[in-house]
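Residue numbers (our numbering): 37 to 205.
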Amino acid sequence: MNEENQSLEVLQFTLQRQDNQSKALQEVITAVIKVKDEMVEMRDETKKQFEMMKDENKITRRQAGKLKSAVGKKSAKLVNDLFGKRVSNELFSKKTGHLTRGIYTKLGIEYDVSSYLDIRSIDFEKAKSFVQGLELSDFESYQLRITDKQAETAEKHGDDISFLLEESK
(Lines of atoms letter the chains of each structure in order from A and count residues from 1; the text may use other names and numbers.)
(Lines give C-alpha, C1' and ligand atoms only; values in the text may rest on other atoms or scores of the structure.)
Protein backbone atom coordinates (compact mmCIF):
# COMPACT_ATOMS: atom_id res chain seq x y z
CA MET A 1 0.00 0.00 0.00
CA ASN A 2 1.39 3.28 -0.95
CA GLU A 3 1.40 6.33 1.22
CA GLU A 4 -1.34 8.05 -0.77
CA ASN A 5 -3.75 5.15 -0.33
CA GLN A 6 -2.93 4.95 3.34
CA SER A 7 -3.80 8.65 3.79
CA LEU A 8 -7.08 8.14 1.95
CA GLU A 9 -7.93 5.15 4.12
CA VAL A 10 -7.19 7.15 7.29
CA LEU A 11 -9.37 9.96 5.96
CA GLN A 12 -12.11 7.47 5.08
CA PHE A 13 -11.88 5.92 8.58
CA THR A 14 -12.05 9.40 10.18
CA LEU A 15 -15.08 10.36 8.10
CA GLN A 16 -16.78 7.05 8.97
CA ARG A 17 -16.15 7.69 12.68
CA GLN A 18 -17.50 11.26 12.37
CA ASP A 19 -20.56 9.92 10.60
CA ASN A 20 -21.15 7.40 13.43
CA GLN A 21 -20.68 10.15 16.03
CA SER A 22 -23.09 12.41 14.12
CA LYS A 23 -25.74 9.66 14.07
CA ALA A 24 -25.27 9.02 17.79
CA LEU A 25 -25.51 12.74 18.54
CA GLN A 26 -28.69 13.00 16.45
CA GLU A 27 -30.20 10.11 18.44
CA VAL A 28 -29.31 11.86 21.72
CA ILE A 29 -30.86 15.12 20.49
CA THR A 30 -34.02 13.27 19.40
CA ALA A 31 -34.25 11.64 22.85
CA VAL A 32 -33.74 15.01 24.60
CA ILE A 33 -36.47 16.60 22.47
CA LYS A 34 -38.82 13.73 23.35
CA VAL A 35 -38.05 14.06 27.08
CA LYS A 36 -38.50 17.83 26.88
CA ASP A 37 -41.91 17.41 25.22
CA GLU A 38 -42.93 14.91 27.91
CA MET A 39 -41.80 17.31 30.65
CA VAL A 40 -43.75 20.19 29.10
CA GLU A 41 -46.81 17.95 28.95
CA MET A 42 -46.31 16.94 32.61
CA ARG A 43 -45.88 20.59 33.61
CA ASP A 44 -49.09 21.56 31.85
CA GLU A 45 -50.97 18.67 33.47
CA THR A 46 -49.56 19.60 36.90
CA LYS A 47 -50.65 23.22 36.43
CA LYS A 48 -54.11 22.05 35.41
CA GLN A 49 -54.39 19.79 38.46
CA PHE A 50 -53.11 22.57 40.74
CA GLU A 51 -55.73 24.98 39.41
CA MET A 52 -58.41 22.35 39.98
CA MET A 53 -57.18 21.85 43.54
CA LYS A 54 -57.23 25.59 44.19
CA ASP A 55 -60.85 25.70 43.03
CA GLU A 56 -61.86 22.69 45.10
CA ASN A 57 -59.93 23.60 48.26
CA LYS A 58 -62.46 25.29 50.54
CA ILE A 59 -61.64 27.36 53.62
CA THR A 60 -60.35 25.45 56.62
CA ARG A 61 -62.15 25.28 59.95
CA ARG A 62 -59.68 27.77 61.34
CA GLN A 63 -60.30 30.17 58.44
CA ALA A 64 -64.06 29.65 58.82
CA GLY A 65 -63.76 30.60 62.49
CA LYS A 66 -61.80 33.73 61.64
CA LEU A 67 -64.30 34.70 58.95
CA LYS A 68 -67.21 34.08 61.32
CA SER A 69 -65.50 36.27 63.91
CA ALA A 70 -64.98 39.04 61.33
CA VAL A 71 -68.67 38.82 60.38
CA GLY A 72 -69.72 39.04 64.03
CA LYS A 73 -67.50 42.05 64.73
CA LYS A 74 -68.62 43.84 61.58
CA SER A 75 -72.27 43.12 62.30
CA ALA A 76 -71.95 44.56 65.83
CA LYS A 77 -70.18 47.65 64.50
CA LEU A 78 -72.83 48.18 61.84
CA VAL A 79 -75.62 47.85 64.42
CA ASN A 80 -73.87 50.43 66.60
CA ASP A 81 -73.62 52.71 63.57
CA LEU A 82 -77.27 52.10 62.68
CA PHE A 83 -78.66 52.92 66.11
CA GLY A 84 -76.11 55.62 66.88
CA LYS A 85 -76.74 55.14 70.60
CA ARG A 86 -76.94 52.45 73.23
CA VAL A 87 -80.00 50.19 73.05
CA SER A 88 -81.09 47.18 75.08
CA ASN A 89 -79.08 43.98 74.75
CA GLU A 90 -82.08 42.13 73.36
CA LEU A 91 -82.69 44.66 70.58
CA PHE A 92 -78.97 44.87 69.85
CA SER A 93 -78.79 41.08 69.64
CA LYS A 94 -81.81 40.80 67.33
CA LYS A 95 -80.54 43.48 64.95
CA THR A 96 -77.03 42.01 65.01
CA GLY A 97 -78.47 38.64 63.94
CA HIS A 98 -80.42 40.36 61.18
CA LEU A 99 -77.32 42.12 59.83
CA THR A 100 -75.18 39.02 60.26
CA ARG A 101 -77.53 37.22 57.88
CA GLY A 102 -77.19 40.16 55.49
CA ILE A 103 -73.39 39.95 55.60
CA TYR A 104 -73.46 36.23 54.85
CA THR A 105 -75.83 36.92 51.95
CA LYS A 106 -73.40 39.51 50.58
CA LEU A 107 -70.50 37.05 50.94
CA GLY A 108 -72.48 34.42 49.05
CA ILE A 109 -73.21 36.82 46.22
CA GLU A 110 -69.65 38.16 46.08
CA TYR A 111 -68.03 34.70 45.97
CA ASP A 112 -70.85 32.85 44.18
CA VAL A 113 -71.35 30.30 46.96
CA SER A 114 -74.38 29.10 48.87
CA SER A 115 -72.50 29.00 52.17
CA TYR A 116 -69.51 30.94 53.42
CA LEU A 117 -67.93 27.52 54.11
CA ASP A 118 -67.74 27.01 50.33
CA ILE A 119 -65.45 30.01 49.80
CA ARG A 120 -62.16 28.91 48.27
CA SER A 121 -59.23 28.89 50.65
CA ILE A 122 -57.23 31.14 48.32
CA ASP A 123 -60.02 33.73 48.58
CA PHE A 124 -60.06 33.73 52.39
CA GLU A 125 -58.08 36.95 52.92
CA LYS A 126 -60.08 38.77 50.23
CA ALA A 127 -63.33 37.55 51.77
CA LYS A 128 -62.23 38.74 55.21
CA SER A 129 -61.28 42.14 53.78
CA PHE A 130 -64.61 42.27 51.95
CA VAL A 131 -66.47 41.78 55.24
CA GLN A 132 -64.31 44.32 57.05
CA GLY A 133 -64.93 46.87 54.30
CA LEU A 134 -68.73 46.69 54.41
CA GLU A 135 -70.65 49.82 55.41
CA LEU A 136 -74.33 50.47 56.09
CA SER A 137 -74.63 52.02 52.63
CA ASP A 138 -73.76 48.62 51.11
CA PHE A 139 -77.01 47.11 52.39
CA GLU A 140 -80.48 47.22 50.90
CA SER A 141 -83.22 48.99 52.86
CA TYR A 142 -84.94 45.68 53.64
CA GLN A 143 -81.72 44.48 55.30
CA LEU A 144 -81.56 47.58 57.50
CA ARG A 145 -85.25 47.96 58.31
CA ILE A 146 -86.59 47.39 61.79
CA THR A 147 -88.67 44.22 61.83
CA ASP A 148 -91.91 43.95 63.77
CA LYS A 149 -90.18 41.78 66.39
CA GLN A 150 -87.37 44.32 66.74
CA ALA A 151 -89.93 47.12 67.15
CA GLU A 152 -91.75 45.10 69.83
CA THR A 153 -88.46 44.49 71.61
CA ALA A 154 -87.57 48.19 71.46
CA GLU A 155 -90.95 49.12 72.90
CA LYS A 156 -90.64 46.50 75.64
CA HIS A 157 -87.27 47.92 76.75
CA GLY A 158 -88.05 51.58 76.14
CA ASP A 159 -85.52 51.94 73.32
CA ASP A 160 -86.18 55.05 71.24
CA ILE A 161 -85.81 53.95 67.63
CA SER A 162 -88.54 56.14 66.22
CA PHE A 163 -86.06 57.75 63.82
CA LEU A 164 -85.46 54.33 62.23
CA LEU A 165 -89.13 53.44 62.10
CA GLU A 166 -89.87 56.64 60.18
CA GLU A 167 -87.09 55.88 57.67
CA SER A 168 -88.34 52.37 56.99
CA LYS A 169 -91.84 53.56 56.04
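Just so you know, even glycine gets a beta-carbon here, dropped at the ideal spot from N, CA and C.
Just so it is clear, the structure is predicted and the values come from calculations on it, not from any experiment.
Alpha carbon to alpha carbon, how far is residue i from residue j?
| i | j | result |
| --- | --- | --- |
| K192 | A100 | 36 Å |
| K84 | M75 | 14 Å |
| T50 | K72 | 32 Å |
| Q47 | E87 | Residue identity check: residue 47 is Leu in the sequence provided, not Gln. Looking at the two C-alpha atoms, the distance is approximately 59 Å. |
| I145 | F175 | 13 Å |
| S111 | E161 | 18 Å |
| R97 | I69 | 46 Å |
| R53 | A60 | 11 Å |
| F199 | Y178 | 16 Å |
| V212 | E77 | This structure does not reach residue 212, given that the chain is present from 37 up to 205, and the question cannot be answered. |
| L103 | T136 | 12 Å |
| L233 | T66 | There is no way to answer for residue 233, as the model of the chain reaches only from 37 to 205. |
Hey, would you say residue i sits closer than 8 Å to residue j, going by beta carbons?
| i | j | result |
| --- | --- | --- |
| A163 | Y140 | no |
| V167 | L143 | yes |
| K109 | R156 | no |
| V123 | D195 | yes |
| L153 | I182 | no |
| L180 | L118 | yes |
Mark residue i as exposed unless 16 or more other C-beta atoms lie within 10 angstroms of its C-beta, in which case mark it buried.
| i | result |
| --- | --- |
| D91 | exposed |
| V107 | buried |
| G138 | buried |
| K121 | exposed |
| I197 | buried |
| A190 | buried |
| L172 | exposed |
Exercise. Does the pairing of the region 179-193 with the region 116-131 give three or more beta-carbon distances under 8 Å?
Worked result: The region 179-193, when compared against the region 116-131, does touch it at the 8 Å Cβ threshold.
For this session: Jot down the residue ranges of each uninterrupted alpha helix (DSSP H) in the region 90-129, minimum 4 residues, whole runs only, in chain order.
Result: Inside the region 90-129, DSSP marks whole alpha helix (DSSP H) runs of 4 or more residues at positions 97-119, from first to last along the chain.
Problem set entry | Start-end ranges of the beta strand (DSSP E) lying completely within the region 41-68, minimum 3 residues | Under the rule that a run must span 3 or more residues, no beta strand (DSSP E) segment is found entirely inside the region 41-68.
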